[in-house]
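First up is the structure itself, then whatever we jot down about it.
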Amino acid sequence: MTRNPILTFHGAARAVTGSCFRLETASGAVLIDCGMFQGSKTEKTLNYRPFPFDAAAISAVLLTHAHIDHSGLLPKLARDGFTGPIHATPATVDLCGVMLPDSAHIQETEVEMLNRRNRRRGGADVTPIYDGRDAEATLALLRPQEMDTWFSVLPGCRARFWNAGHLLGSASIEVELTAPNTPLRLLFSGDIGPDAKLLQSDPEGPSGLDYVICESTYGDTDRIEASAEHRRATLRDEVRAAWRADGVLLIPTFAVERAQELIADLSTLMLAGDIPFCPIHVDSPMATRATALFRKHARELENGAALVEGLKSSHLHFTESVEQSRALATARGFHIILAASGMCEAGRIRHHLKNWIAREAATLLLVGYQAEATLGRLLQDGVAQVRIQGEEFPVRARIRSIDLYSGHADGPELAQWISERAPIQHGLFLVHGEEEAMAGLAARLTALPAERIAVPALDDSYNLTANGFVRRANAEPPRLAPEQVARMDWHNDVSRLILDINEALRATPDERNRNTLIRRLRRALDEDGLPPPRHPARHRH
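Under my numbering, think of the first position of the sequence shown as 330, with each following residue one higher.
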């Protein structure tokens with residue numbers, strides 16, 4: 330007797346980050362991706378909470394690509410008892426060798442800073458999600474598999490990788506189930522790259538599938554024409570507009586692929602005389618190591634020669650140590666800094682923002698997707714003040730955004746990719762997108778009956794049958810309700826309130842009126858029955 334597989338969505342469900350899908354088969358459970366959550370503090374708390382499954386009971390992992398929102402919780406999985414193989418393309422294996430240890434280092438560093446602040450406030454210490462030892466143990470589990478080649482995952486389950494055109498080594502994953510499972514063919518899209526991407530060829534994939542699980546990050550977006558010439562012309566105009574004596578162009582960027590694309594285009598523009606020569610600082614040890622891997626895999630890349638040529642520029646500088654990074658604060662003359670992370674959520678970009686965000690000589694250029702509630706999204710939305718690592722800063726820098734370096738296909742490209750997978754016999758699951766994006770993509774898919782399209786919420790499970798999908802009743806409540814996913818949370822509201830209070834106090838003309846405002850705020854707290862402050866205010870006599 331055959332068994333219907335069960336598919337559960339433990340991340341990237343009505344949100345963009347945290348990709349993690351559990352496929353339960355007659356022979357064992359397989360994870361497709363195991364990524365880290367980004368966004369509001371409420372969502373990021375999921376990274377610290379226990380997995381909603383037994384890590385030791387997972388037989389294998391299929392990894393679409395190395396980006397941290399797809400791979401970043403693999404060391405936690407290994408720490409919690411997973412010992413099976415992690416199947417990935419050779420380039421993804423190489424990139425994970427850079428990205429996972431770097432992720433562990435960032436977590437250890439960020440938690441150390443957080444704990445110092447907590448101790449000053451009397452709070453408890455926080456433990457990193459995982460450390461460098463966990464990352465190294467995870468790397469030993471990686472198993473390289475070539476593109477377009479079937480390999481066995483479990484009895485009755487095999488898989489093969491298709492180029493997804495998103496990132497060096499990125500893949501869509503075709504899974505074929507046979508007895509003792511119900512015979513089915515599934516395709517997990519991973520992240521689908523756009524047309525005319527600088528370093529990647531167009532995405533590929535099989536057709537005639539039973540189920541497709543597809544990303545929808547830009548499902549409601551029709552991106553402007555994005556040829557190589559248009560992309561470089563747009564970047565040229567942004568650099569020229571940002572040029573200030575002793576100014577800076579800050580570009581938050583993923584250290585893998587986005588940084589290398591920008592290096593290639595900036596160098597091309599300088600060599601062509603389209604922008605003046607200036608220092609380009611790549612302030613990321615991970616980007617430095619990743620760039621070496623891109624050089625190694627240059628023959629696999631579209632326009633790999635342009636990247637190799639750009640890396641020869643005498644104006645390109647890679648920053649390794651913390652001391653070298655801090656020294657950039659004293660740089661003179663206009664310069665460009667590329668630093669992670671791409672959504673301004675961690676890493677060295679936050680230190681550069683603390684130095685420059687309040688200065689009119691600075692321009693912040695956002696070149697990729699900014700998830701809801703991230704610092705990058707707040708800046709993109711035009712906030713007047715921000716809190717960075719507990720400190721407040723007015724936003725005086727120019728904030729600019731271009732979407733021509735995105736690694737994701739837009740709505741029409743996603744709809745075309747899905748149409749090329751036809752016929753999709755039983756169901757399409759939309760993931761890795763906010764609700765508006767998924768609704769926008771679903772509206773484009775007129776050839777597919779609406780009842781065959783599902784938009785799972787966090788921790789939703791489905792039986793995959795030979796006649797269609799059936800949603801299962803949750804045995805446990807979801808870790809977050811749908812209204813808590815991809816939304817601003819109370820932490821964002823508190824930060825906004827603190828900024829507004831301080832701005833109101835600064836705008837109040839004299840101390841008497843400021844004291845009146847403070848008493849009114851204190852009275853509002855007292856009326857809600859909140860305790861008085863632990864350190865009573867000192868009054869002047």
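Don't be surprised by glycine CBs; every beta carbon is placed ideally from N, CA and C.
Take serine 642, set aside five residues on each side of it, and the residues of its chain with a beta-carbon closer than 6 Å to its own are Ser596, in chain order. Between phenylalanine 517 and threonine 346, the gap from beta carbon to beta carbon reaches 8 Å or more.
Using a Cβ distance threshold of 8 Å, glycine 519 and histidine 495 count as a contacting pair. Sequence-distant partners of valine 799 (beyond 5 residues in either direction) whose C-beta falls short of 8 Å from its own C-beta, in its chain, are Tyr791, Asn792. Pairing leucine 591 with tyrosine 698 gives a Cβ-Cβ distance that is not under 8 Å. Annotation note: the region 473-507 contains the following uninterrupted beta strand (DSSP E) runs of length 3 or greater, listed N- to C-terminal: 480-483, 486-492, 500-506. Straight-line measurement puts the Cα of alanine 802 at about 39 Å from the Cα of glycine 452. Nearest Cα to alanine 690 within the set Leu513, Arg661, Ile604, Thr794: Arg661. Counting along the chain, the unbroken alpha helix (DSSP H) around phenylalanine 623 starts and ends at 614-625. Counting along the chain, valine 427 sits inside the alpha helix (DSSP H) bounded by residues 419-449. It is roughly 45 Å from the alpha-carbon of leucine 375 to the alpha-carbon of aspartate 839. In the structure shown, asparagine 632 falls within a coil segment according to DSSP collapsed to helix, strand and coil. For secondary structure counted as the alpha helix (DSSP H) over 4 or more consecutive residues, the region 358-410 holds these complete runs in sequence order: 370-373, 397-400, 403-408. Separation of leucine 471 and valine 390 (C-alpha to C-alpha, rounded to the nearest whole angstrom) is 9 Å.
Going by DSSP, serine 654 is part of no beta strand (DSSP E) but of the alpha helix (DSSP H) stretching over 651-656. Bounds of any alpha helix (DSSP H) do not take in glycine 602, whose DSSP letter is neither H nor E.
Beta-bridge annotation (DSSP): threonine 692 is paired with Leu578, Arg727.
Rounded to the nearest angstrom, the gap between the Cα atoms of leucine 770 and aspartate 549 is 6 Å. For arginine 716, the uninterrupted beta strand (DSSP E) run begins and ends at 714-717, by DSSP. A distance below 8 Å separates the beta carbons of alanine 464 and alanine 433. Between phenylalanine 623 and leucine 527, the C-beta spacing is not below 8 Å. Nearest C-alpha to proline 741 among Val724, Thr775, His755, Glu721: Thr775. By the C-beta density criterion, histidine 399 is buried, having at least 16 other C-beta atoms within 10 angstroms. Exposed is the label assigned to glutamine 718, since fewer than 16 other Cβ atoms lie within 10 Å of its Cβ.
Proline 608 places its beta carbon less than 8 Å from that of histidine 664. By the Cβ rule, the region 434-452 does not count as touching the region 380-389, because fewer than three pairs are nearer than 8 Å. Arginine 569: member of the alpha helix (DSSP H) spanning 557-571, first to last residue. Distance from the CA atom of cysteine 543 to the CA atom of aspartate 362, rounded to whole angstroms, is 13 Å. Secondary structure at alanine 783: strand, using DSSP grouped into helix, strand and coil. Among the bridge pairs identified by DSSP, phenylalanine 350 is matched with Phe338, Ile361.
In this structure, the alpha-carbon of glutamate 505 lies about 6 Å from that of alanine 488. Fewer than three pairs of CB atoms, one per stretch, sit closer than 8 Å, so the region 708-725 makes no contact with the region 745-765. Under the DSSP assignment, glutamate 544 falls in the beta strand (DSSP E) whose first and last residues are 538-544.
At the C-beta level, tryptophan 491 and glutamate 503 come within 8 Å of one another.
Of all alpha-carbon atoms in Glu631, Met615, Pro614, Ala570, the one lying nearest the alpha-carbon of proline 605 is that of Ala570. Less than 8 Å separates the beta-carbon of isoleucine 435 from that of glycine 676.
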